[in-house]
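FYI, in the numbering used here the residues of the sequence shown are 8 to 406. We put the CB at the ideal spot given by N, CA and C, even for glycine.
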Amino acid sequence: MYLTREEEAILNGELGYPYALAMKVITTVGDSLGAERLIPVVHAHVSGISYFNIGDAGLEFIESLATSNARFQVFTTANPYAVIIDSSYGSLPEDVRSKQLKIINYLRGMGARAFTCAPYYVRRPSYGEHLAWAESNAVLFANSLIGAWSNREGGPLALLEGLLGKTYAAGVHLREGRSPKCVTSIKTEGSVSFFHLSLIGLKIGELCPDSIPFVEGLEGVSEEGIRAFLASFGSTSNAPMVVFNKLTPDSQELLENSDIEERFSISLGDLREVLLDFKEARESGGILYFIGCPHLSPGEFAHLLGRLRSVGKRDSSMGELWLGVSDTVSLDEEITNYLGRIGVRVVKGMCPVTTKLSLVGIKYVVTDSGKALHYMPKLAGVKVVIKDREEILREFLRG
Ligand code: F3S
């Protein structure tokens, strides 16, 4: 790979260990993918910061950078963590909590601006911007809905790219890397709910596990609906992008310049069989209602708060409702206390999916997220019931 004189100097240690390491790793990855040069990025997003996922080795890696004066050179955000830090909940082992706090503090010290899996609500990228993002739903959102350019990076690589402010020019940073390879036509009647969009996303991910699909049939769906689709799609496919007919910028041009290898047609009847019954969960206890995977948009959060404000009374021993949002969201004390009384907890900067919920007595999670459905049984140790958001609210409020 061609390096400028300045990049060579960084590689040789002129700016110190963290930056030399970043240059070495990024150029090695870039070389292996045939990149010819580095390109600047304007926003990095780091994933994989749950202590349950990265353990002591991950903590030590981040610590070694932070204590060597590493600082992010571009706007950098990070994924949510695995503990609730502004209130006590359950009894996660104390060393998990303290090690998770260390990871958060090191990243903050390096300049991380927010902890959320929806960095596009903290800083919305522009069309054509190059990014180094490492959270699948975020990468898919940026490439597919905004027309920004980001590979689907691993967490440590995105962290190093944030330190350097650069990435390697390969994959979807090049126009030829953005071509769809399979076409999927979706047959639906009338409007499609978020719940169905989540299941359709999982299905298309299974059909196109390694290639960018061109999707037709979702032309009238809102940005938030497409977001639900993308988060699920990213759980079953490695592709960094989906080209949606008429929704993705330049969708026709991308289709015209592609070699389509496969075609699929799916309808709602083809979707994954899932656990749909509240009854078993309600009867066995240990139930958690969870909305916000990925973290809620400001509009979704305001809508949900509006719905919950008028509830008045509810027996909070009948299971809590967690609303996942960025740690940058602020809520006044009066509302927080009111929500607490009806069993609603706003979990800021946190990801329940990567937390061992089984350790705090939760057996069932009721959610509208296909991504949570896919990962929670394994990562959180719980069973998952998937439902439409309105139905979850109705069931929760019945409690
Ligand atoms: Fe976010 Fe965790 Fe879901 S990072 S997308 S809440 S799995």
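Proximity below 8 Å, CB of residue i to CB of residue j
i, j, result
"A64", "A85", "no"
"V354", "I91", "yes"
"A379", "F271", "no"
"S304", "G241", "no"
"L364", "V372", "yes"
"I153", "P187", "no"
"N252", "F221", "yes"
"V351", "H302", "no"
"A155", "Y128", "no"
"M8", "A51", "no"
"F202", "D375", "yes"
"L138", "V53", "no"
"T362", "A89", "yes"
"L206", "V228", "no"
"S258", "V249", "no"
"I233", "R185", "no"
"I61", "L114", "no"
"V367", "M383", "no"
"S75", "P25", "yes"
"E136", "V49", "yes"
"A27", "L18", "yes"
"G37", "A141", "no"
The alpha helix (DSSP H) enclosing residue i, as first and last residue numbers
i, result
"E43", "It is not in any alpha helix (DSSP H) - E43 carries neither H nor E in the DSSP assignment."
"H50", "First-last for H50: 50–53, but that is the beta strand (DSSP E), not the alpha helix (DSSP H)."
"T11", "Where T11 is concerned, there is no enclosing alpha helix (DSSP H), given that its DSSP letter is neither H nor E."
"K378", "377–386"
"Y24", "24–39"
"T335", "T335 -> no alpha helix (DSSP H), and no H or E assigned at all."
"K320", "Run containing K320: none; DSSP gives neither H nor E here."
"E230", "230–243"
"E213", "201–214"
"E263", "258–263"
"K286", "285–291"
"E397", "396–405"
Expected contact under 8 Å - CB spacing of residue i and residue j to nearest Å
i, j, result
"I46", "T174", "6 Å"
"F79", "L22", "At roughly 13 Å, the Cβ-Cβ gap does not stay under 8 Å, so F79 and L22 are not in contact."
"E183", "E307", "Not quite, the Cβ-Cβ distance comes to about 36 Å (not below 8 Å), so this is no contact."
"I267", "V146", "That belief does not hold up - the Cβ atoms of I267 and V146 are roughly 23 Å apart, past 8 Å."
"G276", "F236", "Rounded, the Cβ-Cβ distance is 18 Å, inconsistent with contact."
"L72", "M117", "7 Å"
"P247", "V179", "5 Å"
"G356", "P87", "5 Å"
"L254", "E223", "Their Cβ separation, rounded to whole angstroms, is 10 Å, which puts L254 and E223 out of contact at 8 Å."
"V81", "G172", "4 Å"
"K390", "K370", "7 Å"
"T35", "L10", "Actually they are not in contact, since the Cβ atoms of T35 and L10 sit about 12 Å apart, beyond 8 Å."
"L400", "R321", "Actually they do not touch by this definition, with Cβ atoms about 12 Å apart."
"G212", "S239", "7 Å"
"L315", "I294", "At roughly 18 Å, the Cβ-Cβ gap does not stay under 8 Å, so L315 and I294 are not in contact."
"L330", "L311", "6 Å"
"L164", "I110", "Rounded, the Cβ-Cβ distance is 17 Å, inconsistent with contact."
"V392", "F285", "6 Å"
"S274", "K194", "4 Å"
"T123", "D334", "7 Å"
Residue i - containing beta strand (DSSP E), residue span
i, result
"R270", "269–274"
"T174", "173–175"
"I294", "294–298"
Identity of the residues DSSP links to residue i by a beta bridge
i, result
"F251", "V222"
"T362", "T362 pairs with nothing; no bridge assigned."
"V351", "L328"
"Y58", "Note: Y58 sits in no beta bridge, so no partner."
"I193", "I273"
"M357", "Y88"
"A139", "A51"
"T83", "A51"
"I110", "Note: I110 sits in no beta bridge, so no partner."
"V391", "V372"
"R159", "W140"
"F122", "A85"
Environment of the ligand F3S in chain order, Cβ to heavy atom below 7 Å: Going down the chain, each residue whose beta-carbon is closer than 7 Å to a heavy atom of the ligand F3S shows up: N86, P87, C124, E142, N144, A238, G299, C300, P301, H302, G331, C358, P359, V360, T361, S376, K378, A379, Y382.
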